[in-house]
Each structure stands twice: as C-alpha cells, then as structure tokens.
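Peer 1: A single structure is presented below for examination.
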C-alpha cells in the first residue's frame, strides 16, 4: 500500500505535545521520551481506513454508530528521532501514518523506537493495513480487511472477507462472516467459526481449523494440522507434522 503525502485538515484534532515521561524502570529499555497523543477524525462519508504503521502494537475496535474515528498513542523514542503520526481524510478514506522514518538515519543503543496505538472506528469501516512489527488486535469490525504484516501476533474477532499476508507470529481468526485467504510465513494458526471458505498457505507452525461453513484448502510446509467441522477439505501439501481431520461434510482430497 502506498500513501501519498498528507496535508492536515480542519477535521483533525490532535495533541502531539502530550505528557513526556522518561522511562528508566528496572527491567525496561531506556528511552529518552514517552509521549502520549490523541487524534480524532470525523467519520461522516468515510467507508475505509488505510493504515501504514511501523513498530508497536495496533489495537482497533469497531463500534456501531460511531461518528468519529479516535486514536490514542503511546510513543517511545529517542532525542533526535521524531515520529510521524497523522490521521487524515482523503476522499472517502481515512489515512493513518504512524512510524519513525528518521530512525533509520541515526544510531543508538537499546530497543527500536515504537508507537502503541489504540483506535475506535465505525463497525462498518473497511480496513487496509500495512504493518511493520508488533501485535495486531481487531474486534467488532464488520467489514472487509486486508492486512500485510511483517512480524507479530494477529488476533481478529469479526470481519467479513479477510485477506492476510503475514511474515511471522501467531494468528487467531474467529467469527468471520465471509472468506479467509491467509498467506503465512511462520507461527501457529487458529481459525474458527467462519461462514465462508478458508484458504491457507503456510510455511511452518501448528494449525487448527474448526467450524467452517465453506471449504478449507491448505498448503503447508511443516507443523501439525487439525481440521474439523467443514464442508470440504483440500490438502495441497501437508509437509511434515501430524494431520488429523473429522466431521468433513463434503469432498476430501489430498495431493
């Protein structure tokens, strides 16, 4: 996903000058600053959110009847390494950018700077997310989702058609109202209660797929596979690891 340069709009309210706290606790990496920021954007006329996020946790909650997108951020960084944090309107899309572009032009000792984000969006808002690293947690969104993730866990409860391209990290998908297309590098996978078809291309990691109203197709490199309660099963490649399936109410094929 490519985002064009963004320009601040009057619909945006923000507070990048929130409290600054030095983090020097035992057992924690030392950052020069911890800033908090709050952004909001009028959601009227918007039907999707495009997000480009770097390091840090991303939490999104869909809320029925919500008229504003709200965002709370905790920013951990170093002097001379300033974050880019914007939430803006572009036609019928909201666009979020949250990263540390300048991080790559400086050197430091310790952990990489990161931004933890908690958002609330209208439940019907489509999501298109490109994330670097850190956990992704989405619930209450009743819309299509496209997620490209480098590393970190993904936990989604809800959604319609869900497309995920993931590098590494555990994945949990539940209560999806459409189809799932998942391309995963490594990490465990748990998929349950899906009303459409499920297609999984997986490199390594254990996999559990249960209660699928449609057909399940799996191409797997390594790791155990358990499938139950589906309307069909196609195993393109099982790789290494145990394979078990039961209550398949449709054709079963293994290449």
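Residue numbers (the numbering used here): 924 to 1178. Using N, Cα and C, we set each Cβ at its ideal position, and we do this for glycine too. Keep in mind that this is a model prediction, so the values were computed, not measured.
Could you give the distance in angstroms between the alpha-carbon of residue 1086 and the alpha-carbon of residue 1142?
Peer 2: Position 163 of the chain shown, counted from the first residue, corresponds to residue 1086. Position 219 of the chain shown, counted from the first residue, corresponds to residue 1142. If you take the alpha carbons of residue 1086 and residue 1142, they lie about 16 Å apart.
Peer 1: In the DSSP output, which residue or residues are listed as bridge partners for residue 959?
Peer 2: The sequence position of residue 959 within the chain shown is 36, counting from 1. In the DSSP output, where bridge partners are listed per residue, residue 959 has 997.
Peer 1: What are the boundary residues of the beta strand (DSSP E) that residue 1067 is part of?
Peer 2: By one-based count along the chain shown, residue 1067 stands at place 144. First-last for residue 1067: undefined, no H or E at that position.
Peer 1: Could you tell me if residue 1015 is buried or exposed, where buried requires 16 or more neighbouring beta carbons within 10 angstroms of its beta carbon?
Peer 2: For the purposes of this step, residue 1015 is identified with residue 92 of the chain shown, where counting begins at 1. Residue 1015 is exposed by the Cβ-count criterion.
Peer 1: Please list the terminal residues of the continuous beta strand (DSSP E) segment that includes residue 954.
Peer 2: Working through the chain shown from its first residue, we reach residue 954 at position 31. It is not in any beta strand (DSSP E) - residue 954 carries neither H nor E in the DSSP assignment.
Peer 1: Do residue 1063 and residue 985 have their C-beta atoms within less than 8 Å of each other?
Peer 2: Within the chain shown, numbered from 1, the residue matching residue 1063 stands at position 140. Within the chain shown, numbered from 1, the residue matching residue 985 stands at position 62. For residue 1063 and residue 985, yes; Cβs fall inside 8 Å.
Peer 1: DSSP on residue 1149, reduced to helix/strand/coil?
Peer 2: If you number the chain shown from 1, residue 1149 lands on position 226. Of the three classes helix, strand and coil, the one that applies to residue 1149 here is strand, per DSSP.
Peer 1: Would you kindly work out how many angstroms separate the C-alpha atoms of residue 1117 and residue 1080, rounded to a whole number?
Peer 2: Taking the first residue of the chain shown as 1, we reach residue 1117 at position 194. Taking the first residue of the chain shown as 1, we reach residue 1080 at position 157. Taking the straight line joining both Cα atoms gives about 11 Å.
Peer 1: Can you tell me the Cα-Cα spacing of residue 1148 and residue 1121, whole angstroms?
Peer 2: Taking the first residue of the chain shown as position 1, residue 1148 is located at position 225. Taking the first residue of the chain shown as position 1, residue 1121 is located at position 198. So the two alpha carbons sit approximately 14 Å from each other.
Peer 1: Compute the Euclidean distance between the alpha carbons of residue 1177 and residue 1003, then round it to the nearest angstrom.
Peer 2: The count along the chain shown starts at 1 and reaches residue 1177 at position 254. The count along the chain shown starts at 1 and reaches residue 1003 at position 80. Answer to the nearest angstrom: the Cα atoms are 56 Å apart.
Peer 1: Going by beta-carbon coordinates alone, are residue 1091 and residue 1110 separated by less than 8 Å?
Peer 2: Position 168 of the chain shown, counting from 1, holds the residue named residue 1091. Position 187 of the chain shown, counting from 1, holds the residue named residue 1110. Yes; because the gap between Cβ atoms is below 8 Å, this pair is in contact.
Peer 1: Out of 1034, 1156, 1112, which has the shortest C-alpha to C-alpha gap to residue 954?
Peer 2: Mapped onto the chain shown, residue 954 falls at position 31. Out of 1034, 1156, 1112, 1034 has the C-alpha closest to the C-alpha of residue 954.
Peer 1: Taking the alpha-carbon positions, what's the residue 1153 to residue 1123 distance?
Peer 2: Counting from one through the chain shown, the residue named residue 1153 turns up at place 230. Counting from one through the chain shown, the residue named residue 1123 turns up at place 200. Cα to Cα, the separation comes out at about 14 Å.
Peer 1: Since residue 1040 and residue 1052 should fall inside the 8 Å C-beta cutoff, what is the C-beta to C-beta distance between them, to a whole number of angstroms?
Peer 2: The residue given as residue 1040 occupies position 117 in the chain shown. The residue given as residue 1052 occupies position 129 in the chain shown. Actually they are not in contact, since the Cβ atoms of residue 1040 and residue 1052 sit about 11 Å apart, beyond 8 Å.
Peer 1: Distance check for residue 958 and residue 979, CA to CA, integer angstroms please.
Peer 2: For the purposes of this step, residue 979 is identified with residue 56 of the chain shown, where counting begins at 1. For the purposes of this step, residue 958 is identified with residue 35 of the chain shown, where counting begins at 1. Rounded to the nearest angstrom, the two C-alpha atoms are 14 Å apart.
Peer 1: May I have the straight-line CA-CA distance separating residue 1000 from residue 1072, to the nearest angstrom?
Peer 2: Taking the chain shown and counting its residues from 1, one reaches residue 1000 at position 77. Taking the chain shown and counting its residues from 1, one reaches residue 1072 at position 149. Cα to Cα, the separation comes out at about 22 Å.
Peer 1: Just verifying my parser: in three-state terms, what is the DSSP assignment at residue 1154?
Peer 2: Taking the first residue of the chain shown as 1, we reach residue 1154 at position 231. DSSP places residue 1154 in coil when its eight states are reduced to three.
Peer 1: Within the continuous beta strand (DSSP E) that includes residue 1116, where are the two ends?
Peer 2: Along the chain shown, read from residue 1 onward, the residue named residue 1116 stands at position 193. Note, residue 1116: beta strand (DSSP E), 1112 to 1117.
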